[in-house]
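Numbering (our numbering), first residue to last: 35 to 97.
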């Protein structure tokens with residue numbers, strides 16, 4: 035019978051637990067999620083209750 039031994043990739047720090055994707059750049063994360071690019075592509079709508087909504091003009095413009 036073979037034993038299964040797993041080797042740790044280092045300690046789990048508080049930072050790694052809080053943000054497990056910290057090793058990836060933000061641009062790669064946005065491309066992977068196909069996020070809408072809001073640079074020069076948004077409208078700010080102010081509500082009467084003090085909240086603000088940011089809506090994209092063109093939803094097909096992605097990273």
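Virtual Cβ for every residue (Gly too), placed ideally from N, Cα, C.
**Study point:** Short Cβ contact (7 Å threshold) for residue 70 with residue 89
**Key:** no
Check your understanding: Leaving out five residues before and five after residue 49 in sequence, what residues of the same chain have Cβ atoms less than 8 Å from its Cβ?
Key -> 56
Exercise for review: Using the DSSP secondary-structure output, state which residues sit across from residue 96 in a beta bridge.
Suggested key: 70
Point to revise | Option nearest residue 177 by Cα separation, candidates 38, 92, 40 | key: Since the first residue shown for the chain is 35 and the last is 97, residue 177 is missing from the structure and cannot be characterised.
Exercise for review: If I'm right that residue 68 touches residue 96 with Cβ under 8 Å, what's the distance once you round it to whole angstroms?
Suggested key: 5 Å
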